[in-house]
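J.: Per the working numbering, the sequence shown starts with residue 68, numbered consecutively. Glycine included, every Cβ here is placed at the ideal spot set by N, Cα and C. Note that the structure is predicted; figures quoted are calculated from it, not measured. Before I ask anything, here is the structure I am working with.
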Amino acid sequence: MPDCLFCTMPVTDIILENERALAFYDKFPVNEGHVLIVPKRHVVSLFDATQEEITSIWKLIEGVKELLDQRFHSNGYNIGVNVGAAAGQTIFHMHVHVIPRYDGDVEDPRGGIRKIKKSLVPYVGEGEE
């Protein structure tokens with residue numbers, strides 16, 4: 068799809084890929100090392116992806132974890148997918164967030180995504196009136 072940011076991802080931004088999916092650093096990271104994994108085919112949501120695409124994405128999650136472990140030495144990860152505008156999806160090409168977590172990056176990490184961490188970089192539209 069020509070107007071989709073993820074369908075037109077510059078090849079130089081890709082850090083890992085396989086037959087059906089690719090991974091790149093998030094332009095608006097929540098934490099250092101925040102990566103997005105997307106299917107190569109334009110797929111709006113996780114529920115539209117084929118089993119083969121989901122398997123390819125999971126393999127990249129494992130590869131991204133290895134890469135991030137070596138590069139950033141995180142203490143944990145949040146892995147998630149927003150499906151639909153009501154869930155916070157703003158780019159309608161399915162993507163998985165792999166977010167490294169570090170001891171002390173939030174005061175109390177219990178509850179995981181129930182306590183969403185503020186982005187390191189302001190997200191498009193945040194703070195605008």
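1. So, is residue 161 buried or exposed, given that buried needs 16 or more other C-beta atoms within 10 angstroms?
2. Apart from the five residues on each side of it in sequence, which residues of its chain come closer than 6 Å, Cβ to Cβ, to residue 149?
3. Just to confirm the assignment, what range does the beta strand (DSSP E) spanning residue 143 have?
4. Which same chain residues, not among the five before or five after residue 114, have their C-beta less than 7 Å away from its C-beta?
5. Looking only at its own chain, which residues have a Cβ that is under 7 Å from the Cβ of residue 144, when we skip the five neighbours before and after it?
6. For the alpha helix (DSSP H) containing residue 138, name the first residue and the last one.
7. Mind the definition here: the region 85 to 99 touches the region 121 to 137 only if three or more C-beta pairs lie below 8 Å; say whether that holds.
8. Quick one, which of 137, 142, 153 has its alpha-carbon nearest residue 172's?
9. Cβ atoms of residue 158 and residue 73: under 8 Å apart, would you say?
10. When you compare the CB positions of residue 135 and residue 102, do they come within less than 8 Å of one another, or not?
T.: In brief:
1. As a position in the sequence shown, residue 161 is number 94, starting the count at 1. Classification for residue 161: buried.
2. Taking the sequence shown and counting its residues from 1, the one referred to as residue 149 is at position 82. Excluding residues within five positions, the ones whose Cβ falls inside 6 Å are 155, 156.
3. Against the sequence shown, residue 143 aligns to sequence position 76. It spans 143 to 147 - the beta strand (DSSP E) in which residue 143 sits, taken as one unbroken run.
4. In the sequence shown, counting from the first residue as 1, residue 114 sits at position 47. 150.
5. Translated into positions along the sequence shown, residue 144 becomes position 77. 132, 165, 166, 167, 168.
6. The residue labelled residue 138 in the question sits at position 71 within the sequence shown. Counting along the chain, the unbroken alpha helix (DSSP H) around residue 138 starts and ends at 118 to 139.
7. yes
8. For the purposes of this step, residue 172 is taken as residue 105 along the sequence shown, with counting starting at 1. Checked all of 137, 142, 153; the closest Cα to residue 172 is 142.
9. Stepping through the sequence shown from its first residue, residue 73 is reached at position 6. Stepping through the sequence shown from its first residue, residue 158 is reached at position 91. Yes, these two residues count as a Cβ contact at 8 Å.
10. As a first step, residue 135 must be located in the sequence shown, where it is residue number 68. As a first step, residue 102 must be located in the sequence shown, where it is residue number 35. The answer is yes: Cβ separation under 8 Å.
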